[in-house]
Structures are given as structure tokens and as C-alpha cells.
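**Q** Position one of the sequence shown corresponds to residue 588 (the numbering used here), numbered consecutively onward.
Structure below; questions to follow.
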Amino acid sequence: MDIQEITEYIARDSMENAIRFADEFLAVCRSIPDFPDRGRIVPEVGHSQIREIIHKNYRLVYTVRKEKVFILQIFNAAKLFRMQDIDFE
């Protein structure tokens, strides 16, 4: 799932809420390079380089390598993160 799919889903009920969600979510993404350790370590993985930020009902899983942020997955917060679903290289 990506931010566009989530926003389109929310827009089915409210375009205003969809725009607000997208703006807030993108602000979270933009803040990661400044505060890369602000996210918690993903409990299912336990690796200090794989972190997550939960925003509303979604988990943003990311890693930082050589000062670059890589978004690994965005998904519903009720679901477990599965490392095997990610191409980590």
C-alpha cells in the first residue's frame, strides 16, 4: 500500500480528510532525515536500523542508510510487519 492508495481510500468518504491525512503523513516523512531515530524499532524485527512511525492507523517502516531514508513499507497498523515482504537490498 502506498500513500496515494491510502489517500484515495480516505477520499471516498471525505476529500478534506484525505488531503489533511496526506499532508500530515508527508510531513512525518519529511521529518525523518532530521530525526532518524525518532521512530521506534519495529518489534517484529528487533533490528535497530529498521524503525517505524505510527501515524493515525498506519505504520511507516523505514531505514536510514548513509543519510538517506528508505521507506520500506506503509500499511495498516493492525497488521504485523513481515520482513520477507521487503526487498531490503
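Even glycine gets a Cβ: it sits at the ideal position worked out from N, Cα and C.
Only a predicted model underlies this, so the values are computations on that prediction, with no experimental measurement involved.
#1: Which residue comes first and which comes last in the alpha helix (DSSP H) that contains Arg652?
#2: Whole angstroms are fine: how far does the CA of Arg638 sit from the CA of Arg617?
#3: Buried or exposed for Ile619, going by 16 or more other Cβ atoms inside 10 Å?
#4: Assign Gln636 to one of three DSSP states: helix, strand, or coil.
#5: Would the segment 592-606 and the segment 630-637 be scored as touching if the rule is three or more Cβ pairs under 8 Å?
#6: Find the nearest neighbour of Thr650 within the set Arg607, Met670 and Thr594, judged by alpha-carbon distance.
#7: Assuming Ile641 and Ala664 form a contact by the criterion Cβ under 8 Å, report the distance between their Cβ atoms to the nearest whole angstrom.
#8: Quick one: grab the DSSP three-state call for Leu667.
**A** This is what the structure holds:
#1: What you label residue 652 is simply residue 65 of the sequence shown in a count that begins at 1. DSSP places Arg652 outside any alpha helix (DSSP H); the residue lies instead in the beta strand (DSSP E), whose first and last residues are Tyr645 to Arg652.
#2: Counting from 1 along the sequence shown, the entry for residue 617 is found at position 30. Counting from 1 along the sequence shown, the entry for residue 638 is found at position 51. Spanning the two alpha carbons is a distance of roughly 15 Å.
#3: As a first step, residue 619 is located in the sequence shown; it is residue number 32 there, counting from the start. Within 10 angstroms of the beta-carbon of Ile619 lie 16 or more other beta-carbons, which makes it buried.
#4: What you label residue 636 is simply residue 49 of the sequence shown in a count that begins at 1. DSSP places Gln636 in coil when its eight states are reduced to three.
#5: At 8 Å Cβ cutoff, the stretches do not touch.
#6: In the sequence shown, counting from the first residue as 1, residue 650 sits at position 63. Of Arg607, Met670 and Thr594, the residue nearest in Cα terms is Met670.
#7: The sequence position of residue 641 within the sequence shown is 54, counting from 1. The sequence position of residue 664 within the sequence shown is 77, counting from 1. In this structure Ile641 touches Ala664 by the C-beta definition: roughly 5 Å separates them, less than 8 Å.
#8: The sequence position of residue 667 within the sequence shown is 80, counting from 1. Three-state result, Leu667: coil.
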